[in-house]
Structure formats: C-alpha cells, structure tokens
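Okay, so the sequence shown: first residue is 1399 according to the working numbering, each after it adds one.
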Amino acid sequence: MKASKFSGAQIAFVLKQPKTAWRSPRFVVSQTAFDSWQHKHVGFMPSEMKQLWQLEAENGRLKRLVAELSLDKAMRQDVLSRKALKPGRKRLLVD
C-alpha cells in the first residue's frame, strides 16, 4: 500500500475544517481520500492516528511474515511427499 503524503496532524487538521474546505487549493485532497479519512479517523487525535498507522504497518509486516512461512512450509511438505530415489538412480543423476 502506498504511504500517505499527509501526516496524522495534517489529516486531523483537514478533518476538523468545514466539509467544503478540503476542496480549496490549500488542501489538495481528493474526494475519495477525504471520505476514506473521515471513515477511518473520525474522532481520533493525531497521536492516536500515529499509533493506528504504526499498528497497521506492524500488521502488514506480520501478514507478510506469515505468508512467507506458510510458503516455506508448503515447499518442505511438497519435497517430503515426493518419492525417494533408489541408490542406483541417484548415482546416474549425480554422474
């Protein structure tokens, strides 16, 4: 996910403004971003938003770690489930 170019304090400031303020040239924010912020950050202080973002980032890292470990496990199980080669066949492959 792309990192936001706005800090928690900036988002909190924009959300505290009247609903039409985000359209001014001072705030270059799309309607979609504004609606997403409202849905996600309503009632949060900037320090709470920072903590929320840190938790979301940690959650993303942990999800990637779990996916990587699951893939490793699946690969190991696949290798173990294969039929072992007889010693004579191994010699032919090595030579």
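Backbone N, C-alpha and C define an ideal beta-carbon position, used for all residues, glycine too. Treat the numbers as computed from the prediction; the structure is a model and nothing was measured.
CB contact flag (residue i, residue j, <7 Å)
| i | j | result |
| --- | --- | --- |
| residue 1406 | residue 1473 | no |
| residue 1453 | residue 1435 | no |
Inter-residue Cα distance where the pair is residue i and residue j
| i | j | result |
| --- | --- | --- |
| residue 1479 | residue 1429 | 53 Å |
| residue 1455 | residue 1461 | 10 Å |
| residue 1470 | residue 1411 | 45 Å |
| residue 1437 | residue 1464 | 28 Å |
| residue 1477 | residue 1458 | 29 Å |
| residue 1495 | residue 1490 | Lying before the first or after the last residue shown, residue 1495 is absent from the chain, which here runs from 1399 to 1493. |
| residue 1404 | residue 1492 | 59 Å |
| residue 1449 | residue 1488 | 56 Å |
| residue 1475 | residue 1467 | 12 Å |
Proximal residues to residue i (C-beta, below 8 Å), its chain only, five neighbours per side dropped
| i | result |
| --- | --- |
| residue 1481 | none |
Proximal residues to residue i (C-beta, below 7 Å), its chain only, five neighbours per side dropped
| i | result |
| --- | --- |
| residue 1409 | 1435, 1439 and 1447 |
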